[in-house]
Every structure is written in C-alpha cells, then in structure tokens.
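See below for the structure under consideration.
Residue numbers (our numbering): 1193 to 1332.
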C-alpha cells in the first residue's frame, strides 16, 4: 500500500512539474495509428516508442538521455526505474506497446502510446520538443 501511495505521488509530481503550460496551445496537426506517418512524424514517434522500449528493457540510464534538461533535473534514472517497477508491480508484467496518435501543438509533439501490461492497458503521453527531447511524461 505504501508503494502504491508513493507511486501515485511520484506520478502526480511528474504530471504537475513537467507539463505546465501545454493546455493553452492550439492543435494544428494530428496523426493517428490508422494513418500513414512519415518524415518528421516518423522520427518523433520512433523516439517515443524507443523510450518506452528502453524502460521495458531496464535501460533507465539510456532512457534519461532522451529527456530535456528540465526533466533530467526532476527525474533521474533511479526514479525512472522506481516508476517502471512500480507499474509492473501494480499492473503485472509489461507485454507490448502500440502507437495510438501524435499531435503537433506549436513547438511540441504529443505522442500517445498504449502500453499493455498483464492486468491493464496504460496510456503514455510523451511531449517532445523540436530538439527531439522529451519534455513531459504522463501515464494514465
């Protein structure tokens, strides 16, 4: 129970600290899993999928390298490991991921990926800037 409370507080802190200000931006471009994506979208989507893959493989130090400086200041590899292991403890073993959609908002891309675990499917929302760095991570 203490781990669940800790995990909830940690995810809440990530949500509050890293994602400030995005709600006011206007969407101007969107790609879903049913559409073909190429070029710029392809790189952004693969970056997001690669990040989730690194977490699932226990490559937390490598995953941190994809974060921007403000995220690194708030979330190190040990904390990423705690979050991932907490997800697996609560929802069972990680099975796979599936790209859902990507949306361009001003200078950012929001990439939505469904992560399937043994007992639940979770949505990972990654915000990626124009420098191809992850500026926000939310898990629901």
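Heads up, the beta-carbon is just placed ideally off N, CA and C, and yes, glycines get one too.
Treat the numbers as computed from the prediction; the structure is a model and nothing was measured.
According to DSSP, residues forming a beta bridge with residue i
i	result
residue 1320	1301 and 1326
residue 1288	1308
Residue span of the alpha helix (DSSP H) that contains residue i, given as start and end
i	result
residue 1253	1252-1256
residue 1272	1269-1283
residue 1261	1261-1266
Whole-angstrom distance between residue j and residue i, CA atom to CA atom
i	j	result
residue 1313	residue 1283	8 Å
residue 1380	residue 1236	Given that the chain is displayed from residue 1193 to residue 1332, the structure contains no residue 1380 and the question cannot be resolved.
residue 1166	residue 1241	Lying outside 1193 to 1332, the shown extent of the chain, residue 1166 is not represented and no answer is given.
residue 1320	residue 1280	25 Å
residue 1315	residue 1290	10 Å
residue 1212	residue 1285	Because the pLDDT at residue 1212 is just 38, under 50, the model does not fix this residue reliably, and the value given afterwards should be weighed accordingly. Using only the alpha carbons, I get a separation of about 31 Å.
residue 1294	residue 1332	16 Å
Nearest-angstrom Cβ-Cβ length linking residue i and residue j, presumed shorter than 8 Å
i	j	result
residue 1259	residue 1326	5 Å
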